[in-house]
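This report refers to the structure that appears directly beneath it.
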């Protein structure tokens, strides 16, 4: 057993931390306040190869694997959850779905510019009546000769408003349902009939864009089918498994930031003639945060290692997402309590962190869904099939 | 054209606490970063390469080679240089282990021999000062050892057509200035030359992601740029006896607490003016 990071991952973290502190952190409060996507940061991330961190070099990536990607998400989320959300939607689910199931031609055509950061991706699944129940989507794709015509409306699409390339799930055979009746497609945003609808006015991650997307008779070539016809649902779930791991990494970064702020505050804030660090109540809070963060860190990087070494990881990825989001939420809640009134003020980053953390318990599969996934896997090993 | 850049490392200052009263430096996190001035020297070297690549002077092919400032326990700073865009780097092993108090006189003997073994160079860039020991001798000593002209304390450096141009902050004496005000002069020298670069002006670019992974993983063309030479093959080890002897350490006095001034602006100004007068009179 060896728990040390390789020298390339140590060097990668140093590079990313410097980037995060120099380029990302100074904008975090501003993009939250203005509710704008930091395109200048995304452009710089692309230029130095970080938007292709986990993809092989032959597809324009960096070749740092899932471990490298988790390092990126952890370090970005440590300073700005909006930026890590934009990046996660681009790499972790948008581009990742093409990497996992695309043909060699599709990878050359779509993945290469995405990995280089020349184009942006979104992963388009949720509908008004199909959230956790993803198989209940109604967006239709009908075959016409060598093309497919896609009709439907998708909601809560991260990066949807500016993505150049989206992967979208549509019903191709209503008689078959999730297994056999749903297909994934690659759609370019400049195709006729592709429209951006309303933008969500969100509680947190306000520096990320969440938009409605309307597919009004979008015609795509049969070459743009991602994976096999009828296997889109399975393909999308596979992508989400990986996405869950990196959400846990982002939760780790957010929790670490909450702990760092709390330590700094406990060292300087005096009450009753002593710094807060000398109060046992605060010591216990800090100790609990640090313990949960270390447990999460071990889980995140162990699962990243399992992905990189080709081991099954679905069950643990659900645990990483669930635990990461809850540790993140608890850590920022504790940090707010340690900071008192100042933590509640918009002049301090704790308040932003508090709003940003909450979404992690919801998006990319609610924590309730994660618990169902985990329990189903456990019961299956004991011969019991859980029906949704 | 060959540009050599000399790089060293320093304990990350954010990981240490200096306690003068206790007479100790507490190392909370032992991590090393590139010397800040050497970072700027590396960026200066890469910009000279960029200018050549941009076709401004297509006849010149610039090769950037990184050498270590003194004895190093690992080749990390050299890999950083390769990841950031240097073409070659030479890790010198077997130097006298007198870290972290490097002896520039000894280091220069090794460097001069390394430059010779590389087949010479057109320009050598190094940081003007080190952050830990505050030394600025390496560049000037190296220039003297090689018999080359030197420019000390440059902010920007350009090189072409057998000459180097360095932008330096002018000394008020040099241009006959009265009082404050900063002006800059461009100093030129014939190549080969040694130029030392000040910290803080040139922002070192980020490494290229794929290069970084390859150079640390030890694969591909970039990693092949890392060579390892034994110091014993370059110089007589007996000649490397350090001139510098460390006899102890001292700390600057603790900063005194400030005083809070209250009152109307006029009253506060008077208090400040009195304090200044007293200070000047001392």
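Residue numbers (our numbering), protein chains in the order written: chain A, 135 to 522; chain B, 5 to 286. Glycine included, each C-beta is placed from N, C-alpha and C at the ideal position.
Which residue wins for smallest C-alpha separation from residue 259 of chain A, given the options A/427, A/287, A/413? A/287
Alpha carbon to alpha carbon, what distance is there between residue 482 of chain A and residue 165 of chain A? 15 Å
May I ask which residues mark the beginning and end of the beta strand (DSSP E) holding residue 322 of chain A? 316-322
Can you find a C-beta in chain A that's less than 9 Å from the C-beta of residue 87 of chain B? yes
Positions along the segment 217-244 of chain B whose CB lies within less than 7 Å of some CB in chain A: 217, 220, 221
With a 10 Å radius around its C-beta and 16 neighbouring C-beta atoms as the bar for buried, classify residue 73 of chain B as buried or exposed. buried
Rounding to the nearest angstrom, what Cα-Cα distance links residue 129 of chain B and residue 224 of chain B in this structure? 27 Å
Name the residue from B/23, B/123, B/211, B/172 whose alpha carbon lies nearest to the alpha carbon of residue 7 of chain B. B/123
Are the C-beta of residue 218 of chain A and some C-beta of chain B separated by less than 9 Å? no
Excluding the 5 residues flanking residue 104 of chain B on each side, which residues of the same chain have their C-beta closer than 6 Å to its C-beta? Here the model assigns residue 104 of chain B a pLDDT of 43, short of 50, so the residue's position is not dependable, and the following value carries that caveat. Nothing meets the Cβ criterion.
Please name the residues in the segment 197-211 of chain B whose beta-carbon is closer than 7 Å to at least one beta-carbon of chain E, in chain order. The chain labelled as chain E is not found among the protein chains of the depicted structure, namely A and B.
Any 3 or more C-beta pairs closer than 8 Å across the segment 312-327 of chain A and the segment 269-286 of chain A: yes
Could you tell me which chain A residues have their CB closer than 7 Å to the CB of residue 214 of chain B, listed as they occur along the chain? 183, 191, 196, 197
Could you say which of A/449, A/157, A/294, A/232 lies nearest to residue 186 of chain A if we only look at CA atoms? A/232
List, in order along the chain, the chain A residues whose C-beta lies closer than 9 Å to that of residue 83 of chain B? 141, 145
Work out the CA separation of residue 296 of chain A and residue 228 of chain A for me, nearest whole Å. 13 Å
Counting pairs of Cβ atoms below 8 Å between the segment 301-313 of chain A and the segment 324-339 of chain A, do you hit three or more? no
Can you tell me whether DSSP reads residue 291 of chain A as helix, strand or coil? strand
Neighbourhood of residue 250 of chain A by C-beta, 8 Å cutoff - its chain only, sequence neighbours within 5 removed: 180, 183, 185, 186, 194
Which residue from A/344, A/302, A/266, A/371 puts its Cα closest to that of residue 290 of chain A? A/344
Close Cβ partners of residue 503 of chain A (< 8 Å) along its chain, the five nearest in sequence each way excluded: 266
Using a Cβ-Cβ distance cut-off of 9 Å, determine whether residue 54 of chain B contacts chain A. no
Are the C-beta atoms of residue 42 of chain B and some chain A residue less than 9 Å apart? no
Between which two residues does the beta strand (DSSP E) harbouring residue 209 of chain B extend? Where residue 209 of chain B is concerned, there is no enclosing beta strand (DSSP E), given that its DSSP letter is neither H nor E.
If you measure between the beta carbons of residue 308 of chain B and residue 111 of chain B, is that distance less than 9 Å? Since the first residue shown for chain B is 5 and the last is 286, residue 308 of chain B is missing from the structure and cannot be characterised.
My parser needs the beta strand (DSSP E) runs of 3 or more residues fully inside the segment 25-50 of chain B; what are they? 28-31, 36-38
Compare the Cα-Cα distances from residue 473 of chain A to each of A/419, A/461, A/178 and report the closest residue. A/419
Give, in chain order, every unbroken run of the alpha helix (DSSP H) that is at least 4 residues long and sits entirely within the segment 355-438 of chain A. 366-402
Which value, in whole angstroms, describes the spacing of the CA atoms of residue 414 of chain A and residue 244 of chain A? 55 Å
Buried or exposed, going by whether 16 or more other CB atoms sit within 10 Å of the CB of residue 257 of chain A? buried
Would you kindly work out how many angstroms separate the C-alpha atoms of residue 496 of chain A and residue 459 of chain A, rounded to a whole number? 9 Å
Assign residue 473 of chain A to one of three DSSP states: helix, strand, or coil. helix
Taking residue 162 of chain A as the reference, which of A/219, A/322, A/148 has the closest Cα? A/219
Please tell me whether residue 202 of chain A has its Cβ less than 9 Å away from any Cβ of chain B. yes
Relative to the alpha-carbon of residue 364 of chain A, which residue among A/395, A/305, A/383 has its alpha-carbon at the smallest distance? A/305
So which residues on chain B does residue 187 of chain A lean against when the C-beta distance must stay under 8 Å? 213
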